[in-house]
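In this text, residue positions in the sequence shown follow the working numbering: the first is 313, and each later residue adds one.
Ideal Cβ positions, reconstructed from N, Cα and C, are used throughout, including at glycine.
Quick notes on the structure that follows.
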Amino acid sequence: MTKNTWNRRHFLAASAGMLAMPAIIRTARAANNDYDVAVLGAGLSGLNAARHLEAAGYRVVILEARHQVGGRVRSEDTLNGIQELGGQSLTSGYASMVSTAEELGLSFFSPGAGDPVLSRRGTAIHVSGKTAADRDAWSSHPANMFVGDNKTQFPWERLRNFIAAENPLQVAQDWQKPRYANQDVSLAQLLSAQGFSDAEIKLIADTNPTYGDGAHEISALMHFYNAAWIKRLIELMANGRSGSFQIVGGNQMLPKAMANALNCDIRLGFEAKRISNTAGGIIVSNPNGETVTAKSAICSLPLKALANVTIDAPISKTQRTAIKNIPYSRVHQVFFEIQKPFWEHDGLPNTFWTDTIAGRLFMSAGADGKPAYLKTWATGRQAAVLDQMPDKEAMDLLLGTIETIRPATKGVLKPRYLWSWQQEAYSGGTYAAWGPGQITGLGPSIAAPADRLFFAGEHTAKLDRGMEGAMESGERAAYEVIDRLDG
Ligand SMILES: Cc1cc2nc3c(=O)[nH]c(=O)nc-3n(C[C@H](O)[C@H](O)[C@H](O)COP(=O)(O)OP(=O)(O)OC[C@H]3O[C@@H](n4cnc5c(N)ncnc54)[C@H](O)[C@@H]3O)c2cc1C
Numbered sequence: 313m314t315k316n317t318w319n320r321r322h323f324l325a326a327s328a329g330m331l332a333m334p335a336i337i338r339t340a341r342a343a344n345n346d347y348d349v350a351v352l353g354a355g356l357s358g359l360n361a362a363r364h365l366e367a368a369g370y371r372v373v374i375l376e377a378r379h380q381v382g383g384r385v386r387s388e389d390t391l392n393g394i395q396e397l398g399g400q401s402l403t404s405g406y407a408s409m410v411s412t413a414e415e416l417g418l419s420f421f422s423p424g425a426g427d428p429v430l431s432r433r434g435t436a437i438h439v440s441g442k443t444a445a446d447r448d449a450w451s452s453h454p455a456n457m458f459v460g461d462n463k464t465q466f467p468w469e470r471l472r473n474f475i476a477a478e479n480p481l482q483v484a485q486d487w488q489k490p491r492y493a494n495q496d497v498s499l500a501q502l503l504s505a506q507g508f509s510d511a512e513i514k515l516i517a518d519t520n521p522t523y524g525d526g527a528h529e530i531s532a533l534m535h536f537y538n539a540a541w542i543k544r545l546i547e548l549m550a551n552g553r554s555g556s557f558q559i560v561g562g563n564q565m566l567p568k569a570m571a572n573a574l575n576c577d578i579r580l581g582f583e584a585k586r587i588s589n590t591a592g593g594i595i596v597s598n599p600n601g602e603t604v605t606a607k608s609a610i611c612s613l614p615l616k617a618l619a620n621v622t623i624d625a626p627i628s629k630t631q632r633t634a635i636k637n638i639p640y641s642r643v644h645q646v647f648f649e650i651q652k653p654f655w656e657h658d659g660l661p662n663t664f665w666t667d668t669i670a671g672r673l674f675m676s677a678g679a680d681g682k683p684a685y686l687k688t689w690a691t692g693r694q695a696a697v698l699d700q701m702p703d704k705e706a707m708d709l710l711l712g713t714i715e716t717i718r719p720a721t722k723g724v725l726k727p728r729y730l731w732s733w734q735q736e737a738y739s740g741g742t743y744a745a746w747g748p749g750q751i752t753g754l755g756p757s758i759a760a761p762a763d764r765l766f767f768a769g770e771h772t773a774k775l776d777r778g779m780e781g782a783m784e785s786g787e788r789a790a791y792e793v794i795d796r797l798d799g
């Protein structure tokens, strides 16, 4: 394989080759740290890199700080049913994830599909202290500041439809091309230039942002990239399988199965604190002074975690700036156990979009497939405020907020579980949220190899996003290393 030739065609060919192999080439466990490649991080990207490297016959070691694999794919099994805390769902357009899961004997399901309450469609909206139960009610809601036909659009649809209509990207992978640099401005700047008022921008882009903290902090180009990717996923959706789905047993079954299928050493609880590129190889040290040496390394750590690692390698100033400065989105979640079917009393939908500290409200299924939890999902500045509070205080505040929004929940919800990705040192947030100018300024250097050190991870993906982007990045990095080791 020649350098820099990785693309989707290569991915398909490589995957087919891997499937056709009679057996994965078994490598003897390396003695004396005699590894070809150290993979830092056992999330989907690191595991996929290891899979490809091992299949090609390299001696690999995976170094993972946590005591479990999966990273931001985490399925909580101490609650009723399996509750996804990170990567929530995939579609049939997730070619690499779906084929890997199928190859490893995993299957898929659509949570709540068989339950009449959970499968009920529709979202209520609660803004400026008043609830609208459906689209009609929202059209005449006093806080609906849209004009004419736009009044029938919910705030998140108003943003989504605007981005879809204005999107200059034909395909998602063009997002880093210099010709789109003029779109690498803040979302607020773009919306304002198109005639949106400050109040509209606050409602559609500062309230419950999926990316970043708000309209001023996120690049409009990031929204265009994401929209182009989703458009392609919709086009790719195979007939017959529902729009989005999860893995039976929890999405974390995939990284677990990938790890189980590997023959290489996986060192859990090994926190990389220093990565040193030397003439003889890469040396990775942990805080206890233990070291692992390999000819090359792939670093798949999220940028927020990587910022805590000393890198003695010839990485560029721009790349160091990227590691330090690219923000991550936030999600703060609390699971409230449902003790009585409150929806029978108010008839409102399962899902709420609110401008309160609680953000959005969702219901999730327990082990019996019936509603078990009402879950708050706060993002952006709302999540930042909750993160400052002790857990008990945050949960009490959220419970009071839900009871105000939806009085039928009074006395029938019990706070059970809080999870905040930005409070997790090994994640530092949910996913990269490129700020204005960063895609153009920092994007091209984000995954640039530095001699023996290579980079993977969701933030380095070029074609896909989320879990599929992580898979793609691991594969790309694996072939970059193979090119280097093969000379
Ligand atoms: C709330 C939430 C919802 C999401 N929803 C979706 C969705 O619906 N669909 C979708 O496609 N994607 C979704 N994603 C994104 C998806 O989960 C991630 O993009 C993907 O899992 C990232 O994989 P990764 O391998 O790049 O990084 P990670 O999974 O973060 O893996 C990196 C690994 O490095 C380890 N590590 C960190 N620091 C060190 C260190 N110093 N030494 C050693 N190891 C270290 C970490 O513990 C981790 O295991 C969501 C993410 C979140 C958080």
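When secondary structure is reduced to three states using DSSP, Gly692 falls in the helix class. Every unbroken stretch of the alpha helix (DSSP H) spanning 4 or more residues and falling wholly within the region 601-631 is given here in chain order: 615-618. Per DSSP, the unbroken alpha helix (DSSP H) holding Asn360 starts and ends at Leu356 to Ala367. Within its own chain, the residues whose Cβ lies closer than 6 angstroms to the Cβ of Gly562, once the five positions on either side in sequence are excluded, are Ser387 and Ile394, listed in chain order. Taking C-beta atoms under 8 angstroms as the contact rule, Ser440 and Pro454 qualify, at a distance of about 7 angstroms.
Residue side-chain check: Ala690 keeps its Cβ at 7 angstroms or more from all non-hydrogen atoms of ligand 1. In the same chain as Gly678, and ignoring 5 residues on each side of it, the C-beta atoms closer than 6 angstroms to its own belong to Asn392, Gly393 and Ala684, in chain order. At a Cβ-Cβ threshold of 8 angstroms, Asn360 and Met707 do not count as neighbours. Under DSSP, Pro727 takes part in a beta bridge, and its partners are Phe648. Contact check between the region 657-670 and the region 617-625: fewer than three CB pairs, one atom from each, fall below 8 angstroms, which does not count as touching.
Counted as a single uninterrupted DSSP element, the stretch harbouring Tyr743 is not any beta strand (DSSP E), since DSSP gives it neither H nor E. For Thr666, the enclosing beta strand (DSSP E) starts and ends at Thr663 to Thr666. The beta carbon of Gly593 sits closer than 7 angstroms to those of Thr605, Ala606, Lys607 and Arg764, all from its chain and outside the five residues before and after it, given in chain order.
Straight-line spacing of the CA atoms in Met549 and Gln558 works out to 15 angstroms. Three or more beta-carbon pairs separated by less than 8 angstroms link the region 346-361 to the region 771-783, which places the two stretches in contact. Bridge partners of Ser588 according to DSSP: Ile595 and Asp624.
At a cut-off of 7 angstroms, the beta-carbon of Val385 counts as near ligand 1: some heavy atom of the ligand is closer than that. The region 710-725 and the region 640-650 touch, with three or more beta-carbon pairs separated by less than 8 angstroms. Nearest neighbour of Trp733 by Cα position, chosen from Pro614, Thr435 and Asp496, turns out to be Pro614.
Between Ser498 and Thr752, the alpha-carbon positions lie close to 13 angstroms from each other. By the 16-neighbour rule on beta-carbons within 10 angstroms, His379 is exposed.
Counting along the chain, Arg470 sits inside the alpha helix (DSSP H) bounded by residues Pro467 to Glu478.
Look at Gly434 here: in three-state DSSP terms it is coil, with no helix or strand label.
Beta-bridge partners of Pro683 (DSSP): Ala677. By the beta-carbon neighbour count (other beta carbons within 10 angstroms, threshold 16), Ser452 is exposed. Within the region 486-569, the alpha helix (DSSP H) runs of at least 4 residues that lie entirely inside it are, in chain order, 499-505, 510-513 and 532-548. Residue nearest to Tyr738 within the set Lys585, Lys568 and Ala367 is Lys585 (criterion: CA-CA distance).
Across the set Ala350, Ala368 and Asp346, the C-alpha of Ala368 shows the shortest separation from the C-alpha of Tyr791. Within the same chain, Ile610, Ala789, Glu792 and Val793 come within 6 angstroms of Phe766 by CB-CB distance, once the 5 residues on both sides are set aside. Per DSSP, the continuous alpha helix (DSSP H) segment holding Thr713 begins and ends at Asp703 to Ile717. By a beta-carbon distance limit of 8 angstroms, Phe654 does not contact Ala744. Their separation comes to about 38 angstroms. Using a 10 angstroms sphere on the CB of Gln482, the tally of other CB atoms stays under 16, which defines it as exposed.
Runs of beta strand (DSSP E) with 3 or more residues, each lying fully within the region 757-784, are found at 765-767, listed in chain order.
When the five nearest sequence neighbours on each side are left out, the beta carbons in the same chain lying within less than 6 angstroms of the beta carbon of Leu397 are those of Arg386, Glu388 and Trp731, in order along the chain. Inclusion of Arg363 and Tyr347 in the CB contact set at 8 angstroms is not warranted, their separation being larger than that value. Considering only Pro490, Asp486, Ala573 and Asn589, the residue with the shortest C-alpha distance to Ala539 is Asp486.
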